[in-house]
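Asker: Just so you know, the protein sequences line up as chains H and G, in that order. Quick note on numbering: our numbering labels position 115 of the first sequence as 115, and the sequence is numbered without any gaps. Quick note on numbering: our numbering labels position 111 of the second sequence as 111, and the sequence is numbered without any gaps. All C-beta atoms, glycine included, are put in the ideal place defined by N, C-alpha and C. One structure, as structure tokens, below. Some questions next.
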Amino acid sequence: MTTLAQSVHLASVEAILAGGVFVTLMIGVFRGDRSLVPLTWVVVAIMALGGFYLGVVPAAGATGFGGLYIADGFSTFLKVLILGAAAVSAVLALPYLRQSATARFEYPVLLLLSALGMCMMVSANDLLSLYVGLELQSLAAYVLAAFHRNEAKSSEAGLKYFVLGALASGILLYGISLIYGFTGTTSFTALHAVVRGHGASDIGVLFGLVFILSGIAFKIAAVPFHMWTPDVYEGAPTPVAAFFASAPKAAAMGLLLRVAIDAFGGMTFDWRQIVTFVSIASMLLGAVGAIGQVNIKRLLAYSSINNVGFALIGLAAGTREGVTGVLFYLAVYLAMTLGSFLCVLQMRGIDGEPIETLASLSGLSRTRPWLAAGFAIFMFSLAGIPPLLGFWPKFAVFQAAMDAHLYVLAVVGVVASVIGAYYYLRVINSVYFADPAPTFAPADSRTNSALIVVAAVFCSPIGMLAITPLVAAAAHAAAALL
Amino acid sequence: MIAALAFYLFAGFVILGGALTILSRNPVHSVLWLILAFFNAAGLFVLLGAEFLAMILVIVYVGAVAVLFLFVVMMLDVDFAQLRAGFAKYLPFGIGLAVVLLAELLLILGGGSFGVSSPAVSHAPVIAGMTNTQALGSLIYTRYVYVFQAAGMVLLTAMIGAIVLTHRQRPGIRKQNIGMQNARTPAESTSKVQPASGEGVTL
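In structure tokens:
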């Protein structure tokens, strides 16, 4: 049994983020919207400080707050990804927000609140803390989606996301109540024991599991709970879409891994069927649905659905290699997707207004060769073309599926990635081989350009140098779970 | 005896309140009947020994939700005649729903088992010498302090969200500036004029 002080020490990251919310909120309230830029950097500093304090987590992992909270290698790995992606999302928004006259100081504060919710999600060791973490993350995300409240599209995205998200939360909560009713506990540790015993044959527990998986599948935008994704990504401001596609995906995927393997480890056979179906459906629909898109943000939305499907292959395997594959996949996916969205943010007309059509990318190689090279690297990497980094995590999850004798899943995965390659390559075709469209405005932010370069180098063959340490870290994290 | 009498009294008023909520023609009366139903339901909770739930019902439902209803009913121009117009159209659907609910109730009353098998499932222990408000409080602030604080952060997010999405600074409206008011002196805010007769004054 740990004391409250020990628990708070264990949860230093959350404590720092929560304290940071109040500090930044106060600064913002008294200094007004002109404090957006300094506040953004303060938020980044707070996230960095929180990341620094991840070092207090003992190597063997520990639980706190009476078993509601767990900090182990798995949560630490994911928190690094989450904080990194959230910090990048905060910084990349600055030029966009200034341009669009919605430069309000609440943007970084809401990102910080969302990051707090995500850290709580991956550290949840109880269905209660799972739910409040998820709600905190989602609520901040709903507001961010509607951040351009004067634009009909942004409001529509916020409303859609909110209504469907609330429905998903309701489904999740219903599942939680069923689980509590039929097992008498909400703690993952206790659930693991009950489910492994006799709960596995219990139809009520099975129903609860299905509802919980459906709720989480909505959060990671997996088919058949994906319909909100293209509309929300298209309507939300581009930096917000970049954020949605990155950190919350990693957090919800971490949550899914924890729930499936930790809490319901005794029902692997039952959830494997669901995860396999969701994975196959996401890969195929993500690949096919993207083909007809003319808006780059909708295309990236389908790409994220597609990628979630690939990551789920690792979970379906349910082995340590599979979990390592998922974590490795998430790390690389975050870099690729943030890089792609950074490039999309560069698509601005001469007057600075955002352009989102694929047609406007034609002949980019002649007007903006470096940006074109960035697009090429990220698209090749997302398609999983071998020398680029995007190939290796796909390879890792396919390998895990083969080792777990899930041959059909692996074959469908390969087929889906071939179909998916078509639309990624179509973007590159239009960038390099089509007649030039009107040129974009020149790059306006050194920070964003630097971030593109960093992401591009990471995704390029040079990034293969990072594979060994990254996989080692992911394997260490997976060992904490299995 | 007294308990049974109180139960039938409260239960009767809940049903009466519920029925009149949907039957009364004036929407404001409907809300008031609803409040009566809430109060009597709270009485039923007290009879069950769940005084915390009773308080919550009065504070949250009567104090907040019903008052909000009242505001909505009185301030928005809702055409209730038009709302009622669809009644006949949806009657079969409503009856179908009622039949399903009745069947479910009968299933439960018929002793149908949901197959609750886990030994972990048991009735919550009744702590001697402690009201359930005290018992809840002692748990919320100790064992569940983490989720309690997290719920506070969720509410903070909701508040920030509401302000971000709805608060607008309209130009051209006059606001009270107390500092400016206090700093005024008679010398700078009054002036002596000598208007000519029959020509009025310019301000």
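How do the stretch 100 to 115 of chain H and the stretch 51 to 70 of chain H stand: do at least 3 beta-carbon pairs fall below 8 Å, yes or no?
Answerer: Segments in contact, no.
Asker: Would you call Glu135 of chain H buried or exposed, if buried means 16 or more other Cβ atoms sit within 10 Å of its Cβ?
Answerer: buried
Asker: For Phe65 of chain H, go through chain G and note every residue whose CB falls closer than 9 Å to its CB, in chain order.
Answerer: Arg143, Tyr144, Val145, Tyr146 and Val147
Asker: Cutting at 7 Å between CB atoms, please list the residues of its own chain near Leu4 of chain H, excluding the five before and the five after it.
Answerer: none
Asker: Using the DSSP secondary-structure output, state which residues sit across from Asn295 of chain H in a beta bridge.
Answerer: Listed as beta-bridge partners of Asn295 of chain H by DSSP are H:Thr357.
Asker: Residue range of the alpha helix (DSSP H) that Ala41 of chain G falls in?
Answerer: Where Ala41 of chain G is concerned, the enclosing alpha helix (DSSP H) stretches over Pro27 to Leu48.
Asker: Whole angstroms is fine: what's the gap from Val232 of chain H's alpha carbon to Gly158 of chain H's?
Answerer: 7 Å
Asker: Determine the extent of the beta strand (DSSP E) in which Thr63 of chain H is found, giving its start and end residues.
Answerer: Counting along the chain, Thr63 of chain H sits inside the beta strand (DSSP E) bounded by residues Ala62 to Gly64.
Asker: Taking the Cβ atom as the reference point for each residue, do Ser187 of chain H and Asp126 of chain H lie within a distance shorter than 8 Å?
Answerer: yes
Asker: Counting C-beta neighbours from all protein chains within 10 Å, is the total for Leu91 of chain G 16 or more, i.e. buried, or is it exposed?
Answerer: exposed
Asker: Any heavy atom of the ligand NAP within a distance shorter than 7 Å of the CB on Ala162 of chain G?
Answerer: What this structure holds is no ligand at all, so the ligand NAP is not there to describe.
Asker: Just to confirm my understanding: we take Val8 of chain H, look at its own chain, exclude 5 residues before and 5 after, and list those with CB closer than 7 Å. What are they?
Answerer: Ala15
Asker: Below 9 Å between beta carbons is the criterion; list the residues of the stretch 147 to 170 of chain H that meet it against any residue of chain G, in chain order.
Answerer: Phe147, Arg149, Ser155 and Gly158
Asker: Can you give me the Cβ contacts of Val121 of chain G inside the same chain, cut-off strictly under 8 Å, excluding the 5 residues immediately before and after it?
Answerer: With a pLDDT of only 49 at Val121 of chain G, under 50, the local geometry of the prediction cannot be trusted, and the value read off the model is given with reservation. Hits under 8 Å: none found.
Asker: Identify every residue that forms a DSSP beta bridge with Arg348 of chain H.
Answerer: H:Pro354
Asker: Ile108 of chain G CB to nearest chain H CB: under 8 Å?
Answerer: Using a CB distance cut-off of 8 Å, Ile108 of chain G does not count as an interface residue toward chain H.
Asker: Grab me the residues of Gly117 of chain H's own chain with a C-beta within less than 6 Å of its C-beta, minus the 5 sequence neighbours each way, in chain order.
Answerer: Excluding residues within five positions, the ones whose Cβ falls inside 6 Å are Gly133, Leu136 and Gln137.
Asker: To the nearest angstrom, how far is the alpha carbon of Glu51 of chain G from that of Leu312 of chain H?
Answerer: 47 Å
Asker: Can at least three beta-carbon pairs, one atom from the stretch 181 to 200 of chain G and one from the stretch 170 to 188 of chain H, be found at a separation below 8 Å?
Answerer: no
Asker: Ile35 of chain G versus chain H: which residues are under 7 Å apart at the beta carbon?
Answerer: Result: empty, since nearest Cβ-Cβ is about 27 Å, beyond 7 Å.
Asker: If we ignore side chains and look at the alpha-carbon of each, how far apart do Val223 of chain H and Ala140 of chain H end up?
Answerer: 23 Å
Asker: Under 8 Å, Cβ to Cβ, is there at least one residue of chain H near Val154 of chain G?
Answerer: yes
Asker: Rounded to the nearest angstrom, what separates Phe148 of chain G and Gly215 of chain H at their Cα positions?
Answerer: 22 Å
Asker: For the alpha helix (DSSP H) that contains Tyr432 of chain H, what are its first and last residues?
Answerer: Tyr407 to Phe433
Asker: Between which two residues does the beta strand (DSSP E) holding Tyr69 of chain H run?
Answerer: Tyr69 to Ala71
Asker: So which residues on chain G does Arg104 of chain H lean against when the C-beta distance must stay under 7 Å?
Answerer: Val164
Asker: Should the stretch 414 to 424 of chain H be regarded as contacting the stretch 281 to 295 of chain H, the criterion being three or more beta carbon pairs within less than 8 Å?
Answerer: yes
Asker: Does DSSP classify Asp33 of chain H as helix, strand or coil?
Answerer: helix
Asker: Does any C-beta atom of chain G lie closer than 8 Å to the C-beta of Thr3 of chain H?
Answerer: Chain G, which has no Cβ nearer than 8 Å to the Cβ of Thr3 of chain H, makes this no.
Asker: How far does the alpha helix (DSSP H) with His192 of chain H in it reach, from first residue to last?
Answerer: Phe188 to Gly197
Asker: What separation, rounded to the nearest whole angstrom, lies between the Cα atoms of Ala90 of chain H and Met121 of chain H?
Answerer: For Ala90 of chain H and Met121 of chain H, the gap between their C-alpha atoms comes out near 20 Å.
Asker: Return the residues of the stretch 50 to 76 of chain H that lie within a Cβ-Cβ distance of less than 7 Å from chain G, sorted by chain order.
Answerer: Going along the stretch 50 to 76 of chain H in chain order, one finds Phe65, Gly66, Leu68 and Tyr69 with a Cβ nearer than 7 Å to chain G.
Asker: Taking Cβ-Cβ distances shorter than 9 Å, what residues in chain H pair up with Ile140 of chain G?
Answerer: Residues of chain H passing the Cβ test: none, with the nearest at roughly 12 Å.
Asker: Would you report the Cα separation of Gly175 of chain H and Gly181 of chain H, rounded to the nearest angstrom?
Answerer: 10 Å
Asker: Just to confirm, are Tyr329 of chain H and Val278 of chain H a CB contact at a threshold of 8 Å?
Answerer: no
Asker: What do you reckon, are the CB atoms on Leu409 of chain H and Thr276 of chain H nearer than 8 Å?
Answerer: Yes, they are a contact pair.
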